[in-house]
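Peer 1: Provided herewith is a single structure, encoded as structure tokens, for subsequent inquiry.
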Amino acid sequence: MTQPEAKPRTKFTNADYIAMTPPENSGPRYQLINGELVEMAGATFGHQTFLLEMSAELLIQIRVLDIGTIVIAPYDVHVDLFNTYQPDLLFVSNARRHILESRGITGAPDLVMEILSESTRQRDFNEKLPVYAANGVREVWMVSLVEATISVYATEEHGARLVSEFTANDVLTSEMMPGVEIELGPVFARALASV
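Under this note's numbering, think of the first position of the sequence shown as 22, with each following residue one higher.
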């Protein structure tokens, strides 16, 4: 008795991803991670509340300072040929605003924020963070709602290194957004109260 031939696993590219995810698609959301199409789980209420609160705080200050643009998910970031992510939030400075396109960015935003969950933590740290670093994203914020912390990673040619960790008692600042200061206590409090 002969065994059926195993089909080789397909590694998808950004072009495949774009063809399979039309902008009007109201179905499940996907990311392309190392050539694998990965369905994204729905976000929790706490996750969405934190994203909304942080976005509102950033938007007000970034507009006043006139230093760039923030965009929230879902918005594609075509990081390289085999990776298209939808970070929870991204920032692009005015000097690099030209990389913003109607369906996403090809290349690296200045900063991305990922809100960690039990289902995404491993991928965010082990797969996405190194790819962000290798492709020029200058700063990555990893947000833990469980620990009420934001870990800030500066990216370098050979990876990312933790440069600071902010708690709910701190004021968040970033080299990528000069002049921005976010008091984290109220942001975390509103998000955690919604859980």
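Ideal Cβ placement from N, Cα and C applies to all residues, glycine included. As the structure is a prediction and not an experimental result, all values here were calculated from the model.
Taking contact to mean 3 or more Cβ pairs, one atom from each stretch, closer than 8 Å, check whether the region 68 to 75 and the region 136 to 144 are in contact.
Peer 2: They touch, by the three-pair rule.
Peer 1: Can you grab the Cα-Cα spacing for the pair His179 / Ile171, in whole Å?
Peer 2: Spanning the two alpha carbons is a distance of roughly 22 Å.
Peer 1: Find the nearest neighbour of Val161 within the set Thr31, Pro108, Ala116, Ala189, judged by alpha-carbon distance.
Peer 2: Here the closest residue by C-alpha is Pro108.
Peer 1: Does the count of Cβ pairs from the region 200 to 215 and the region 72 to 85 closer than 8 Å reach three?
Peer 2: Cβ pair count under 8 Å is three or more, so yes.
Peer 1: Can you list, in chain order, the residues of its chain whose CB lies under 8 Å from that of Glu202, leaving out five sequence neighbours each side?
Peer 2: If we look at Glu202 and ignore the five residues flanking it on each side, its Cβ neighbours are Gln82, Val192, Leu193, Thr194.
Peer 1: Drop a sphere of 10 angstroms on the beta-carbon of Arg124, count the other beta-carbons inside from all chains shown, and report buried for 16 or more, exposed for fewer.
Peer 2: Exposed.
Peer 1: Which whole-angstrom value is the C-beta distance of Asp131 and Phe112, which I expect to be below 8 Å?
Peer 2: Right, their Cβ atoms sit about 5 Å apart.
Peer 1: DSSP three-state label for Asn115, please.
Peer 2: Three-state DSSP puts Asn115 in a helix.
Peer 1: For the candidate residues Leu80, Arg117, Gly200, whose alpha-carbon lies nearest to that of Gly157?
Peer 2: Of the candidates Leu80, Arg117, Gly200, the one whose C-alpha sits nearest the C-alpha of Gly157 is Arg117.
Peer 1: In whole angstroms, what separates the C-alpha of Val98 from that of Gly128?
Peer 2: So the alpha carbons of these two residues sit roughly 7 Å apart.
Peer 1: Can you tell me whether Leu193 is helix, strand or coil according to DSSP?
Peer 2: Strand, per DSSP.
Peer 1: Helix, strand or coil: how does DSSP classify Arg142 here?
Peer 2: Note: Arg142 maps to helix in three-state DSSP.
Peer 1: Which residue marks the beginning of the beta strand (DSSP E) containing Leu132, and which one marks its end?
Peer 2: Run containing Leu132: 132 to 136, per the beta strand (DSSP E) assignment.
Peer 1: Give the single residue among Ser165, Ala175, Glu168, Gly89 whose Cα lies nearest to the Cα of His119.
Peer 2: Among Ser165, Ala175, Glu168, Gly89, the Cα nearest to that of His119 belongs to Gly89.
Peer 1: Using only alpha-carbon positions, find the residue among Ala77, Glu186, Met163, Thr176 that is nearest to Gln143.
Peer 2: Per the Cα distances, Met163.
Peer 1: Ends of the alpha helix (DSSP H) at Tyr153?
Peer 2: 150 to 155 is the extent of the alpha helix (DSSP H) around Tyr153.
Peer 1: According to the neighbour-count rule (16 or more other Cβ atoms, all chains shown, within 10 Å of its Cβ), is Thr105 buried or exposed?
Peer 2: So Thr105 ends up on the buried side.
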